[in-house]
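Peer 1:
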Amino acid sequence: MHQPQPILMVDRFAPMLDALLGLLSELAPAEWEAPTACRPWSVKELASHLLGGDIGILSRGRDGYATPGGAITDWLSLVALVNDLNERWVGATKRISPQLMCELLRFAGTHVCDYFRSLDPYALGGPVSWAGTEPAPVWFDLAREYTERWHHQQQIRDAVGRPGLMQPHFFAPVLDTFVRALPHTYRAVEAPEGTCITLTLTGDAGGTWSVQHEQGAWHLYVGVPGGPDAAVVLPQDVAWRLFTKGIGAAEAAGAAMMSGNQELGMKALEMVSVIA
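Residue numbers for the sequence shown follow the working numbering, beginning at 23 and rising by one.
1) Looking at the structure shown, is Ile219 part of a helix, part of a strand, or coil, going by DSSP?
2) Could you give the residue range of the alpha helix (DSSP H) that holds Val254?
3) Per DSSP, which residues does Gln234 bridge with? Please list them.
4) With Met279 as the anchor, note down where its beta strand (DSSP E) starts and where it stops.
5) Can you name the start and end residues of the alpha helix (DSSP H) that Trp313 belongs to?
6) From Arg61 to Ser47, what distance separates their C-alpha atoms?
7) I need the boundaries of the alpha helix (DSSP H) containing Ser140, first residue and last residue.
8) Is the beta carbon of Trp240 less than 9 angstroms from the beta carbon of Arg202?
9) With distances taken Cα to Cα, identify the nearest neighbour of Thr230 among Leu221, Gln177, Arg184 and Val294.
10) Does the distance from the CB of Val182 to the CB of Val65 come in under 9 angstroms?
11) So, using beta-carbon positions, are Gly268 and Trp262 closer together than 9 angstroms?
12) Have a look at His206, Ile29 and His174 and flag the residue whose alpha-carbon is nearest the alpha-carbon of Leu291.
13) Please classify Gly249: does DSSP put it in a helix, a strand, or coil?
14) Going by DSSP in three states, Thr266 sits in which element: helix, strand or coil?
15) Would you mind giving the Cβ-Cβ distance between Pro143 and Val160, rounded to the nearest angstrom? I have them listed as a contact below 8 angstroms.
16) Who pairs with Thr224 in a beta bridge, going by DSSP?
17) Roughly how far, in whole angstroms, is the beta-carbon of Leu72 from the beta-carbon of His174, given that I think they are within contact range, below 8 angstroms?
18) Quick check: what's the CA-CA separation for Gly147 versus Phe193?
19) Starting from Thr169, trace the alpha helix (DSSP H) in both directions and tell me its first and last residue.
20) By Cβ distance, which residues of its chain are closer than 8 angstroms to Phe129, with the 5 residues on each side in sequence left out?
21) Residue range of the alpha helix (DSSP H) that Met38 falls in?
22) If you follow the alpha helix (DSSP H) that Trp54 is in, where does it begin and where does it stop?
23) Assuming Val294 contacts Trp111 (C-beta within less than 8 angstroms), just tell me the rounded distance between them.
24) Give me the Cα-Cα distance between Thr217 and Ile79, rounded to the nearest whole angstrom.
25) Would you tell me roughly how many angstroms separate the C-alpha atoms of Gly44 and Glu125, rounded to the nearest one?
26) Is the beta carbon of Arg171 sitting closer than 9 angstroms to the one on Phe35?
27) In the DSSP assignment, find the unbroken alpha helix (DSSP H) run with Leu197 in it and report its ends.
Written out as structure tokens, the structure reads:
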């Protein structure tokens, strides 16, 4: 086993944006109104959510412009604030036409790509909340932003029956980012020193990761020890839906293979790698 490496994929934001705009440009009017797994949003509303994210990044991050918001005291208050901001934005943009939505996505998305390229990936930034409360390097926040764009675009593709961006070039960084939530998922689990749980995501974009209990904390590694205390195997297409709350743990368990300590293994199916 070895420690995971930084996820450096700023070069993939522009191709991801091009893929989204190409997809949206092909949609018939009825497809824009198709329901998505990101309930209760339609395809158009989910596209609006992506636009809102880009505008927020440019305003807050690039321009340093902040508006007063609600107090964040814990995880639940953060989720409530994010949900409120998202709903108000999507509601306010209902009058935007699909054509204008695409034009705005191209404009904002291009500037976001430029902004992301300007950042030092190794500088210290804010926390990635679903992975912990400590400040995280900028590359981790960029990886989180990448997963947001990938999984929402995938939800749109699923809704309109289009092939997904499942090539390892696009998909592998998503899974690698999602599993960084494993130590946080196990943070309240008490176990003897050296206890290890292995998670394998099968498929050409997948891999194997382990969390090991060392000196009172859980640490993430790439690979598998000689004999883990619990091992979980999930298909990659099930894994991303589970980690983004598209399906629940019970449904994922039906597609999983487990060995060793079942209680420890089932905890991995509680992992969530999104805020809301």
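Glycine included, C-beta positions come from ideal geometry on N, C-alpha and C.
Keep in mind it's a predicted model, so treat the numbers as computed, not measured.
Peer 2: In this structure, then:
1) Taking the first residue of the sequence shown as 1, we reach residue 219 at position 197. Ile219 falls in the strand class under three-state DSSP.
2) Walking along the sequence shown from the start, residue 254 turns up at place 232. That residue, Val254, is in no alpha helix (DSSP H); its beta strand (DSSP E) goes Ala252 to Pro257.
3) Here residue 234 refers to the residue found at position 212 of the sequence shown. Per DSSP, Cys218 and His241.
4) Mapped onto the sequence shown, residue 279 falls at position 257. Counting along the chain, the beta strand (DSSP E) containing Met279 begins and ends at Met279 to Gly282.
5) Since the displayed the chain opens at 23 and closes at 298, residue 313 lies outside it and no answer follows.
6) Numbered from 1 along the sequence shown, position 39 holds the residue referred to as residue 61. Numbered from 1 along the sequence shown, position 25 holds the residue referred to as residue 47. Those two C-alpha atoms are separated by around 23 angstroms.
7) As a first step, residue 140 is located in the sequence shown; it is residue number 118 there, counting from the start. Here the alpha helix (DSSP H) through Ser140 covers Pro120 to Ser140.
8) Counting from 1 along the sequence shown, the entry for residue 240 is found at position 218. Counting from 1 along the sequence shown, the entry for residue 202 is found at position 180. Not closer than 9 angstroms, so no.
9) Residue mapping note: residue 230 aligns to position 208 of the sequence shown, counting from 1. In terms of CA proximity to Thr230, Leu221 leads the group Leu221, Gln177, Arg184 and Val294.
10) Locating residue 182 in the sequence shown gives position 160, where the first residue counts as 1. Locating residue 65 in the sequence shown gives position 43, where the first residue counts as 1. Yes; because the gap between Cβ atoms is below 9 angstroms, this pair is in contact.
11) Within the sequence shown, the letter at position 246 stands for residue 268. Within the sequence shown, the letter at position 240 stands for residue 262. Cβ atoms of Gly268 and Trp262: closer than 9 angstroms.
12) Start at 1 with the first residue of the sequence shown, and residue 291 comes out as number 269. Answer by Cα proximity: His206.
13) Residue 249 sits at position 227 when you count from the first residue of the sequence shown. In the structure shown, Gly249 sits in coil (DSSP, three-state: anything other than H, G, I, E or B).
14) Working through the sequence shown from its first residue, we reach residue 266 at position 244. Here Thr266 sits in coil by DSSP.
15) Residue mapping note: residue 143 aligns to position 121 of the sequence shown, counting from 1. Residue mapping note: residue 160 aligns to position 138 of the sequence shown, counting from 1. By a beta-carbon distance limit of 8 angstroms, Pro143 contacts Val160. Their separation comes to about 5 angstroms.
16) Taking the first residue of the sequence shown as position 1, residue 224 is located at position 202. For Thr224, which the question treats as bridged, DSSP gives the partners Pro257.
17) Here residue 72 refers to the residue found at position 50 of the sequence shown. Here residue 174 refers to the residue found at position 152 of the sequence shown. 6 angstroms between Cβ atoms; contact.
18) Counting from one through the sequence shown, the residue named residue 147 turns up at place 125. Counting from one through the sequence shown, the residue named residue 193 turns up at place 171. Each residue's alpha carbon lies about 24 angstroms from the other.
19) Sequence index remark: in the sequence shown, residue 169 carries index 147 (1-based). Its alpha helix (DSSP H) spans residues Val160 to Ala181.
20) Looking up residue 129 in the sequence shown gives position 107. Here the set comprises nothing.
21) One-based indexing of the sequence shown puts residue 38 at position 16. Counting along the chain, the unbroken alpha helix (DSSP H) around Met38 starts and ends at Phe35 to Ser47.
22) Start at 1 with the first residue of the sequence shown, and residue 54 comes out as number 32. Trp54 -> alpha helix (DSSP H) spans Pro51 to Trp54.
23) By one-based count along the sequence shown, residue 294 stands at place 272. By one-based count along the sequence shown, residue 111 stands at place 89. Contact doesn't hold; Cβ gap of about 22 angstroms is too wide.
24) Along the sequence shown, read from residue 1 onward, the residue named residue 217 stands at position 195. Along the sequence shown, read from residue 1 onward, the residue named residue 79 stands at position 57. The alpha-carbon atoms of Thr217 and Ile79 are separated by roughly 40 angstroms.
25) As a working note, residue 44 is residue 22 in the sequence shown. As a working note, residue 125 is residue 103 in the sequence shown. Gly44 and Glu125: Cα-Cα distance of roughly 12 angstroms.
26) Translated into positions along the sequence shown, residue 171 becomes position 149. Translated into positions along the sequence shown, residue 35 becomes position 13. Contact annotation: Arg171 and Phe35 have beta-carbon atoms nearer than 9 angstroms.
27) What you label residue 197 is simply residue 175 of the sequence shown in a count that begins at 1. Leu197 -> alpha helix (DSSP H) spans Pro190 to Phe200.
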